[in-house]
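Taken in order, these protein sequences are the chains called A and B. So for the first sequence, this note's numbering puts the first residue at 1; every next one is plus one. So for the second sequence, this note's numbering puts the first residue at 113; every next one is plus one.
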Amino acid sequence: DAGITQSPRHKVTETGTPVTLRCHQTENHRYMYWYRQDPGHGLRLIHYSYGVKDTDKGEVSDGYSVSRSKTEDFLLTLESATSSQTSVYFCAIKDVGGYEQYFGPGTRLTVT
Amino acid sequence: DQQVKQNSPSLSVQEGRISILNCDYTNSMFDYFLWYKKYPAEGPTFLISISSIKDKNEDGRFTVFLNKSAKHLSLHIVPSQPGDSAVYFCAATVMNRDDKIIFGKGTRLHILP
């Protein structure tokens, strides 16, 4: 167990509402990542962070923003949720000098 | 354009036999490769990795083979067990340069009794 939790684990929301997903780690790892998993697409990177207040975009960042104000927490925000953002969202962490990422249990988000 | 390709969406193998999952990559800069296993309703878990200085890495029942000239790697599971039924993701990165890894779309492995 990599000491990584995600909340909420399930959420149903309506189109146009803001949504924030939280990733929390107890490992003090520098790198944190947000992915989405969709059928036929595998795991796609949304945003990642390489330190407190240091973030960068991934391949599917449109419609998402992130914030990292402290090492242990990485927040993913959908400013105005759309049905195309219905997905399973995974957070991952990685230590400096390593290549393996360790994943949280996921958040299933449904936008109606 | 997909940089990491897993061309078989699913694979069925008899229990006790060998499972071979394949992965191709297009980016010749990739020099570190990883395999992840994912059960339903859980996050992916790291399984095994290999760097480009090796052509084989073994960990118990799991062996990854790398063919750099063909830009191809494969994961062998011997013998296959019921608990191996899962989705397997291949992933790649560039060592000492990139903090991101690129995932393939995954292959669903079914182990038949």
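Built from N, CA and C at the ideal position, the CB exists for glycine as well.
Opposite His24(A) in the DSSP bridges: which residues? For this step, residue 24(A) is matched to residue 24 along the first sequence. Its beta-bridge partners are Thr5(A), Asp73(A).
Contact criterion: CB-CB distance below 8 angstroms. Does Glu100(A) meet it with respect to chain B? As a position in the first sequence, residue 100(A) is number 100, starting the count at 1. Output row for Glu100(A): interface = yes.
Secondary structure of Gly218(B), DSSP reduced to three states: For this step, residue 218(B) is matched to residue 106 along the second sequence. In the structure shown, the three-state DSSP call for Gly218(B) is coil.
Buried or exposed by the 16-neighbour rule on C-beta atoms within 10 Å, applied to Ser49(A): The residue you call residue 49(A) lines up with position 49 of the first sequence. In this structure Ser49(A) is buried. Its beta-carbon is surrounded by 16 or more other beta-carbon atoms within 10 angstroms.
Three-state secondary structure (DSSP) of Gly195(B): Locating residue 195(B) in the second sequence gives position 83, counting from the first residue. Looking at Gly195(B) - three-state DSSP - the assignment turns out to be helix.
Can you say whether Gly106(A) is buried or exposed, counting buried as having 16 or more other CB atoms within 10 angstroms of its CB? Working through the first sequence from its first residue, we reach residue 106(A) at position 106. A buried status is given to Gly106(A), since no fewer than 16 other beta-carbon atoms sit within 10 Å of its beta-carbon.
Please report the straight-line C-alpha distance between Cys135(B) and Lys166(B), rounded to a whole angstrom. Here residue 135(B) refers to the residue found at position 23 of the second sequence. Here residue 166(B) refers to the residue found at position 54 of the second sequence. Here the C-alpha atom of Cys135(B) lies approximately 16 angstroms from the C-alpha atom of Lys166(B).
Consult DSSP for Gln114(B) and reduce its assignment to one of helix, strand or coil. Locating residue 114(B) in the second sequence gives position 2, counting from the first residue. Assignment of Gln114(B) by DSSP, reduced to helix, strand and coil, places it in the coil class.
As assigned by DSSP and simplified to three states, the class of Gln126(B): By one-based count along the second sequence, residue 126(B) stands at place 14. Three-state DSSP puts Gln126(B) in a strand.
Could you tell me whether any Cβ in chain B is nearer than 8 angstroms to the Cβ of Leu43(A)? Mapped onto the first sequence, residue 43(A) falls at position 43. With 8 angstroms as the cut-off, Leu43(A) counts as an interface residue toward chain B.
Nearest to Pro39(A) by alpha carbon, out of Thr205(B), Phe201(B), Gly128(B)? Taking the first sequence and counting its residues from 1, the one referred to as residue 39(A) is at position 39. When each option's Cα is compared against that of Pro39(A), the closest is Phe201(B).
For chain B, check one thing: does any of its Cβ atoms lie closer than 8 angstroms to the Cβ of Tyr64(A)? Within the first sequence, the letter at position 64 stands for residue 64(A). Cβ-Cβ to chain B under 8 angstroms: no for Tyr64(A).
On the criterion of 16 or more Cβ atoms from any shown chain inside 10 Å, does Ile130(B) qualify as buried, or is it exposed? Your numbering for residue 130(B) matches position 18 in the second sequence. Exposed is the label assigned to Ile130(B), since fewer than 16 other Cβ atoms lie within 10 Å of its Cβ.
Using a cut-off of 8 angstroms between C-beta atoms, extract the partners of Asp136(B) located in chain A. Within the second sequence, numbered from 1, the residue matching residue 136(B) stands at position 24. By Cβ distance, chain A contributes nothing, its closest Cβ being about 14 angstroms from Asp136(B), past 8 angstroms.
Residue from Tyr144(B), Ser120(B), Ile213(B), Gly128(B) whose Cα sits closest to the Cα of Lys183(B): For the purposes of this step, residue 183(B) is identified with residue 71 of the second sequence, where counting begins at 1. Among Tyr144(B), Ser120(B), Ile213(B), Gly128(B), the Cα nearest to that of Lys183(B) is on Tyr144(B).
Is there at least one Cβ from chain A nearer than 8 angstroms to Thr205(B)'s Cβ? For this step, residue 205(B) is matched to residue 93 along the second sequence. So yes, Thr205(B) belongs to the interface.
What span of residues does the beta strand (DSSP E) with Gly42(A) cover, start to end? Here residue 42(A) refers to the residue found at position 42 of the first sequence. From DSSP, the beta strand (DSSP E) with Gly42(A) extends over 42-51.
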